[in-house]
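Engineer: Structure incoming, see below.
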Amino acid sequence: MQRFSFGFKYLAMIFIGLSITACNDIPRDNLLDPKNPGSYRQAVIMVEAFVNTENDQRYNENMISALNTLKRRYPSKVVVAHYHRNTTGFTDSLIIPDTENLYEQYLDYYNGEKGAPDVFINGAYARVQGATSADNALERLEDVLTPLRVQNAYFTIEPEITFRNGTVNLAVVIARLGGIYAEELLVHVTIVETIDDLALSAVARHHAVSNLIPQMTPGEQLKIELGEYHPSGTNPHKAIFKIVTNASKQVQQAVEVNL
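Going left to right, the sequence shown walks through residues -12 to 246 as our numbering numbers them.
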């Protein structure tokens, strides 16, 4: 009996050792594993609209209506933020301090004049201006989004949000996927508020940007702190995080979470 017990333990130890060795030798073929050089995620498209809802024309409302339709059609593939800005003759009370700076960064890649509505898709990747009707705006937006909806992203964004004494602490863990280095990135966060389900469905209330990330190696993970936000009122709020290339100002991946 003792001899059998010893033999069983010996065989068990060999089996465990072989299992550990085998696990270490398993190729990283999981497409969600950041260490797998072939890993990727479904791309989430960032749509940012610079609007003025004080204007007595319907152009801004038409564009926002089209954006609301897009959001309903692709709830997991599209995130939307409305940045209110002042235009000639119309002061918008919902403007936030960072709006004009962000707008100017995108405009650097286009020769067009300022205006509202002015929509940027994945940052400076594409631009759609004006909206004579909601249907017209939707058609032009869909033309840009159609190829983007089937693209892959090579970053992950995992929000880490904590609440303390009425303050929201904003942070994310990002990872570089695939097998190629990433150069000079920035992480942005925008807090949007749903004031109503129509023209004020995703009003930007806060915007912050990380320090420059000089480089990310394949499989590398970084935790990025993005400061605090002090919400007010009882309306629903969401935090939108996006990874942006510093050189081209194009969004590489985005995610939104409820607060």
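Note that beta-carbon positions come from the ideal geometry of N, C-alpha and C, so glycine has one too. None of these values were measured; they are calculated from a predicted model.
Any idea what DSSP makes of Ala111, helix, strand or coil?
Structural biologist: In this structure, Ala111 counts as coil in the three-state DSSP scheme.
Engineer: Could you please give me the residues that DSSP links to Met203 through a beta bridge?
Structural biologist: DSSP output for Met203 lists Ala169 as bridge partner(s).
Engineer: Note the first and the last residue of the continuous alpha helix (DSSP H) segment covering Lys58.
Structural biologist: Here the alpha helix (DSSP H) through Lys58 covers Tyr46 to Arg60.
Engineer: Nearest-angstrom Cα distance between Phe37 and Met203?
Structural biologist: Rounded to the nearest angstrom, the two C-alpha atoms are 31 Å apart.
Engineer: Three Cβ pairs or more, each shorter than 8 Å: is that satisfied between the segment 182 to 199 and the segment 130 to 149?
Structural biologist: Verdict: no, contact absent.
Engineer: By the three-class DSSP mapping on this structure, what secondary structure does Ala103 have?
Structural biologist: The answer is coil: DSSP assigns Ala103 none of H, G, I, E or B.
Engineer: Using the Cβ count rule (16 or more neighbours within 10 Å means buried), how would you classify Tyr168?
Structural biologist: Looking at its Cβ environment, which holds fewer than 16 other Cβ atoms inside 10 Å, Tyr168 is exposed.
Engineer: Let me check understanding here. Comparing Cα to Cα, which of Asp85, Phe150, Arg114 and Gln92 lies closest to Met50?
Structural biologist: Ranking Asp85, Phe150, Arg114 and Gln92 by Cα distance to Met50 puts Arg114 first.
Engineer: Pop quiz: Gly99 and Tyr46 are said to be a contact at Cβ under 8 Å. What is the actual Cβ separation, rounded to whole angstroms?
Structural biologist: About 15 Å; that fails the 8 Å criterion.
Engineer: Please classify Lys210 as buried or exposed, where buried requires at least 16 other C-beta atoms within 10 Å of its C-beta.
Structural biologist: Counting Cβ neighbours within 10 Å, Lys210 comes out exposed, since fewer than 16 surround it.
Engineer: In whole angstroms, what is the alpha-carbon distance linking Val244 and Val65?
Structural biologist: The straight-line gap from Cα to Cα measures roughly 13 Å.
Engineer: Taking all protein chains shown into account, do 16 or more other C-beta atoms lie within 10 angstroms of the C-beta of Gln138, making it buried, or fewer, making it exposed?
Structural biologist: Under this definition Gln138 is an exposed residue.
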